[in-house]
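Residue numbers (the working numbering), protein chains in the order written: chain L, 531 to 836; chain R, 563 to 874; chain P, 2 to 319. So the structure is just underneath, and the comments pick up after that.
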Amino acid sequence: MTVEAELTDPVAGKGVTAVADVGNRAAPRRNRRLRAFLRNPTFVAGVAILSIFVLLAIFAGVLFPSDPQDMVAQPLLWPGEDMEYPLGSDSLGRNVLAQLVYGTRASLLVGVSSAAIGLAIGLVVGSIAGFFGGKVDILLMRLVELFQTMPTFLLVIVILAITEPTLSTIAMAIGLAAWPTVARLVRAQFRSLRESDFVMAARSLGYSRTRIIIQEILPNAMPPIVVAASVMIANAILTEAGLSFLNMRDPNVMSWGGMIGDGRDQLRNAWFLTALPGAAIAMAVLSLNLVGDGLNEILNPRSDDL
Amino acid sequence: MTALLSVRDLHTRYAVGKQVLRAVDGVSFELERGETVGLVGESGCGKSTLGKTILRLVPSADGAIVLDGADITRLGDSAMAPHRRRMQMIFQDPFGSLNPRQTIRTVLDTALKVHRLGDRPEREQRMREIVAKVGLPADALDRYPHEFSGGQRQRIGIARALILRPALIVCDEPVSALDVSIQAQILNLLVELKRDLGLSYLFISHDLSVVRYFADRVLVMYLGRIVESAPHGTLFRNPRHPYTKALFAAVPSADPTHKRSAPPIKGELATTDISAGCRFYSRCPAATERCRAEEPLLRPIGEGHHAACHFA
Amino acid sequence: MSLLEVEKLTVAFPGQVAVRETSFAIAPGETLALVGESGCGKSVTAFSVMRLLPPNATVASGRILFDGTDLLALSPAEMREVRGKKISLIQQEPMTSLNPVLSIGLQISEVVRRHEKVSRKAARARAVELLDLVSIPDAHRRVEDYPHNLSGGMRQRVMIAMAVACHPKLLIADEPTTALDVTTQAQVLDLLDDLRHRLGMAVLLITHDLGVVAQWADRISVMYAGRIVEQAAIKPFFAEPLHPYSRGLMGARVDVDADEHYSLNRLSEIPGSVGSAAGETGCSFAPRCPIVVPGCRLAPPPLIAHGERAVACPRVGA
């Protein structure tokens, strides 16, 4: 149902009362957005957990100045056994807490950069296919389908089997496997927005195609893509963990998946070595999904008109 | 002096599945400088597509669009750019026609920048002028579309159409989404702007009463073709095509003592079955064998009055 | 006695009041037009009668008497018996009001079977009859059609068939022809008018089009910002609307029969917009009113009867 509170037309009430709600509707658009974010419990919870991980990743070097690969303690200390190593040590006597904290760094780095790569390719392909349509669209969508017929995880493994697994090649491989989903999403957005009246208006004003894509369509196509991005990061973290578990990992970098892989042999006598990094992965993925759900509710155009 | 706009045998086709929809199917007309031509018809008759084809927003299949003596039918993007400044569009939906993420300043300033019109202070001056001209408050520039009412958004749409100082404006149902009281405000504004800026309008509407008030000359469109065209006075006093007559008969009068006489035509616009004969054949109360076999062409029947009916 | 009597109805949404102390009555068999611009509360009023308000709306006060029973006091189960059987609703959008995956015959017979104990076969036969009643040609064949096979006007006819399936006493038509073309509009409204005589129902016609009101209604109630500002029979109203808002609406309207042209006359406007009513302590129309005096801004003027008609403006009298 339409809400009655509308602004007065300018010719209205010469000298009569100005409408009470002019002020509070006009000015603080940004504040209103911010309030919408803060009022959403799912989003707040997700962001809270996620920011702990981010802070740990940033300050890993401050918290644990020495290399997490260093053998510093007696092997296989249980959590709480020696308060210097509150989460215990692994079979090589490495500090589990330090490993976890440095692992955050690797996992987030892989997650974010692979999502960025996937987004970049997906945005370009999807927007071109959606905006131009016709033969370009058919061609690009066949390419997308080609990628989608291959199981994502296998595709990543194949790419990493060809190249040396380093942090950047892992991110690259995951990003390359993830872009088709983004491309489809972006294409659908572009196809509907391309026909909207404000894009027609932009065309009639003689705007170039690039300007229409970047300035008119893209900002309006972003909300579902932002939501998808948070889920992509989560998936990338999971994929990276799976890869490390299969030993397709950067041997010089500590990661959660790698910890699980290392802990596998001690599963019976020191299960915490796999449980702790497993819990970290679960928490990170959960927080990213919460952020995604929250964003989905907040950025939904239907809830936009507060 | 040539006409401002001349449309010759224009065709626009859409592929709908395997079928071809002839949205505009051979339309010719001229629009003189300072003239308002009303284009009236029911939804699906192709009037909106015709407007967008003329603006080169939808590709034409055949025919010619001549603006100011220059054939713009097949110009590429860059060759088209200077002509874009000469003709603009006002849209029906005051909500969907403005980018929700841009302030009014961005909307107007981008248009000026794209066409490299003036330096910063000049552009600022021009934006302030246009905003005042369409009756918006001066602080409107830095606000977003959602902060305005429907009527005000339509003023923003008008400001955007005028910022490049065009000669021709295609108005696609500019008031049909607005409340009656706001409708009158916008129509009066369009009249003022036409007088002050010497504009010409192609005014597309399904609302006969609005067209009667607003147009100098009226084209009646049915299934992609013009079926009748005449100066507004002539058309409304003496409609000759059975479809035009039926349209008039169907408009409810606000005078309760003036009850509608004849029942209006039966059926509804059917977009698919275009047979060999007259397009209006299946709904026409006066149809004959000849109408079924032979398509009537638009022919002169009086001073500036044309109709596509064998019996007009 | 009135069929429907709405007494001092007030409906509130979070942050605003959509309908304020609205009272009106409909006699059996009569067509009352509820007229106003978007957001004036006319649809909210109709949905209150159907008890189909969105969950965030609350009926703050008032009574809705239908045949002597207060609809607001009924349990949800009792109300479901009223809906579709005694009071029906047709909505504006015939494209979305029908279920696209069910045949129209099935959708109509479902309504019949919901309220009457009849066999599937008998309900089917009724569906064909009803389609025939709303002048759909070839009803026995059309009954198999799906909504997407039908034009907008045909769909609205199907909606009407569903609405009158159980011979309701009151039909609420919320902008029934706004989405239709003008030639189709005339057909559909003629059909509605014909059915009301044949089935003896009353119609609450919600519209913004004064032409529709003049041609197809018996009485009119004009709403502005949640309040009824004028109530009258059609002929006296169109001969001389009294409330300044009614006059403004009539003046701003372009009539197809009037000899008006932009080169000759300027259209009369109602300045401003409805938004100005927000926060107004007196008459909601005061910010836009041409005959406003300081007294208008003290308290909202009540709807006062002047013989057969009523108007909520102390500055005009019959």
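Think of the CB as a built atom: it goes at the ideal place given N, C-alpha and C, for glycine as much as any other residue. Please read these numbers as outputs of a predicted model, since none were measured by experiment.
Check                                                                                                                                : Outcome
Within chain L, the residues that H677/R reaches when beta carbons sit closer than 9 angstroms                                       : L735 and G736
Cut-off 8 angstroms between Cβ atoms - residues of its own chain near S328/P, not counting five sequence neighbours on either side   : This structure cannot speak to residue 328/P, because chain P is shown only from 2 to 319.
CB contact flag (G787/L, R779/L, <8 angstroms)                                                                                       : yes
F238/P to A180/P span [Cα, whole Å]                                                                                                  : 26 angstroms
Selection from I731/R, T806/R and P804/R that minimises the alpha carbon distance to L560/R                                          : Only positions 563 to 874 of chain R appear in this structure, which leaves residue 560/R out of reach.
Buried or exposed (CB count within 10 angstroms, at least 16 for buried), P558/L                                                     : Unreliable placement is indicated for P558/L, whose pLDDT of 48 sits below 50; no coordinate value is reported for it.
Cutoff 8 angstroms: M783/R Cβ touching any chain L Cβ                                                                                : no
Assigned exposure category for W801/L - 16 Cβ within 10 Å defines buried                                                             : exposed
Under 8 angstroms from the C-beta of Q216/P: neighbouring residues of chain R                                                        : P814, S815, P818, K821 and R822
Sequence-distant residues of its chain with Cβ nearer than 7 angstroms to L593/L (five each side left out)                           : V631
Short-range partners of chain R found in the region 171-187 of chain P, where Cβ spacing is below 8 angstroms                        : D182, V183, T184, T185, Q186 and A187
Proximity of S264/P and F25/P at Cβ, strictly below 8 angstroms                                                                      : no
Chain R contact for D620/L (CB, 8 angstroms cutoff)                                                                                  : no
Beta-carbon gap between L205/P and I91/P smaller than 8 angstroms                                                                    : no
Pick from L151/P, K87/P and P77/P that is closest to L103/P, judged by C-alpha positions                                             : L151/P
Beta-carbon contacts of A700/R that lie in its chain and below 8 angstroms, excluding the five residues immediately before and after : R690, V693 and A694
Three or more C-beta pairs below 8 angstroms linking the region 617-633 of chain R and the region 566-583 of chain R                 : yes
Contact set between G249/P and chain R, taken where Cβ atoms lie within less than 7 angstroms                                        : S743
A577/R to G664/L span [Cα, whole Å]                                                                                                  : 12 angstroms
Under 9 angstroms from the C-beta of F522/R: neighbouring residues of chain L                                                        : Shown here, chain R extends from 563 to 874; a query on residue 522/R therefore has no answer.
Proximity test, Cβ basis, 8 angstroms: Y147/P and chain R                                                                            : no
Limits of the unbroken alpha helix (DSSP H) element including A575/L                                                                 : P571 to I588
Sufficient close CB pairs (3 or more, under 8 angstroms) joining the region 295-313 of chain P to the region 729-749 of chain R      : no
Whole-angstrom distance between L617/R and V686/L, CA atom to CA atom                                                                : 49 angstroms
Strand pairing of F765/R, partner residues [DSSP]                                                                                    : G600/R and C733/R
Span of the alpha helix (DSSP H), counted from its first residue to its last, around V83/P                                           : P77 to V83
Below-8 angstroms beta-carbon distance, H867/R vs any chain P residue                                                                : no
C-beta contact flag for A13/P and A58/P at 8 angstroms                                                                               : yes
F810/R versus N800/R - alpha carbon distance                                                                                         : 11 angstroms
Positions along the region 630-648 of chain R whose CB lies within less than 8 angstroms of some CB in chain L                       : D639, M642, A643, R646 and R647
Beta-carbon contacts of G154/P that lie in its chain and below 7 angstroms, excluding the five residues immediately before and after : L181, T185, Q188 and V189
Endpoints, alpha helix (DSSP H) assigned at P754/L                                                                                   : L748 to F775
Closest residue to R636/R among V620/R, D704/R and A777/R (Cα-Cα distance)                                                           : V620/R
Three or more C-beta pairs below 8 angstroms linking the region 593-606 of chain L and the region 614-622 of chain L                 : yes
Alpha-carbon to alpha-carbon, I137/P and D71/P                                                                                       : 37 angstroms
Segments of 3+ residues assigned as beta strand (DSSP E) that fall wholly inside the region 673-750 of chain R                       : 730-734
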